[in-house]
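Beneath this line is the structure, given in structure tokens, with notes to follow.
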Amino acid sequence: MANIKCCIVQLQLLALISVALAAMHETVAASPWSPATVVPVARGTTSTPLPGDPNTRFGDMYVIDDPLTEGPSATSPAVGRAQGFYLFLSQHELAAMHYLSLVFTAGRYNGSYIVIQGRDTIPAKVRELPVVGGVGRFRGATGYGLLRMHSFDSTTKNAVLKIDMYLNNMK
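Counting in our numbering, the sequence shown runs from 29 upward without gaps.
Encoded structure:
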């Protein structure tokens, strides 16, 4: 009976995490009211752009500090930050390797974070990235996150991503 109780608690946590991580806001083009949250730190040396984006090259690397909010609107309540970096690792497709921490700064998960590390095929409608660990309320967590593009501005490259997390093995 104790095992069943444990599973119910985990399922309840999954639902809460999915709601809490509703949106990640990437701001590439800064404005007076919205500073950049994605900063290029290295530029690939190839002259050939990747398919689908004439400004992205194999080897490009970016550092991010994106807000995480309850919903896709920029005015949705903040729940944390997506912090880390990604680099474009394919010479033939728009794919990046992500090293991210989803850091919670509000609510019941305040002070906890989830670590994501994996390959992201960016043009895919649904992108799956593995969860490799966590800290605080997410200690020992594994699982995956599903990313979906909510909105994308092709001129500024600013994006809002919807994230659904599916976690297990939490302590």
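Glycine included, C-beta positions come from ideal geometry on N, C-alpha and C.
Task: I144 vs H126 beta-carbon contact at 9 Å - done: yes
Open item on the list: Could you tell me the alpha carbon to alpha carbon distance between S129 and S182, rounded to whole angstroms?
Closed with: 26 Å
Open item on the list: Does F249 come out as helix, strand or coil in the three-state DSSP assignment?
Closed with: Absent from the model: residue 249. The displayed extent of the chain is 29 to 199, so no value can be given.
Open item on the list: If you follow the beta strand (DSSP E) that G146 is in, where does it begin and where does it stop?
Closed with: 141 to 149
Task: Beta-bridge partners of L157, as assigned by DSSP - done: G173
Task: Alpha-carbon to alpha-carbon, L174 and K185 - done: 20 Å
TODO: Sort D192, L157, A64, L189 by Cα distance to I92 and report the nearest one.
DONE: A64
- [ ] Can you have a look at P95 and say buried or exposed, based on whether 16 or more other CB atoms are within 10 angstroms of its CB?
- [x] buried
Open item on the list: Suppose contacts are defined by Cβ-Cβ distances below 9 Å. Is N196 in contact with G171 by that definition?
Closed with: yes
Task: Spatial neighbours of T73 in its chain, beta-carbon cut-off 7 Å, leaving aside the 5 residues before and after - done: G87
- [ ] Look up G135 in the DSSP assignment and say whether it is helix, strand or coil.
- [x] helix
TODO: Would you grab the beta carbon distance between T97 and A106 for me? Rounded to a whole angstrom, and I think it's under 8 Å.
DONE: 6 Å
- [ ] For V188, collect the residues of the same chain with a Cβ closer than 6 Å to its Cβ; drop the 5 residues on either side in sequence, then sort them by chain order.
- [x] A51, H53, P100, H178, S179
Open item on the list: Once DSSP output is grouped into helix, strand and coil, what is the label at F116?
Closed with: strand
TODO: Please confirm whether G168 and M198 have their CB atoms less than 9 Å apart.
DONE: yes
- [ ] Quick one: residues in its chain with C-beta nearer than 6 Å to the C-beta of F113, no 5 flanking neighbours on either side, listed in chain order?
- [x] V91, Y127
Open item on the list: DSSP has P95 in a bridge; who is on the other side?
Closed with: R109
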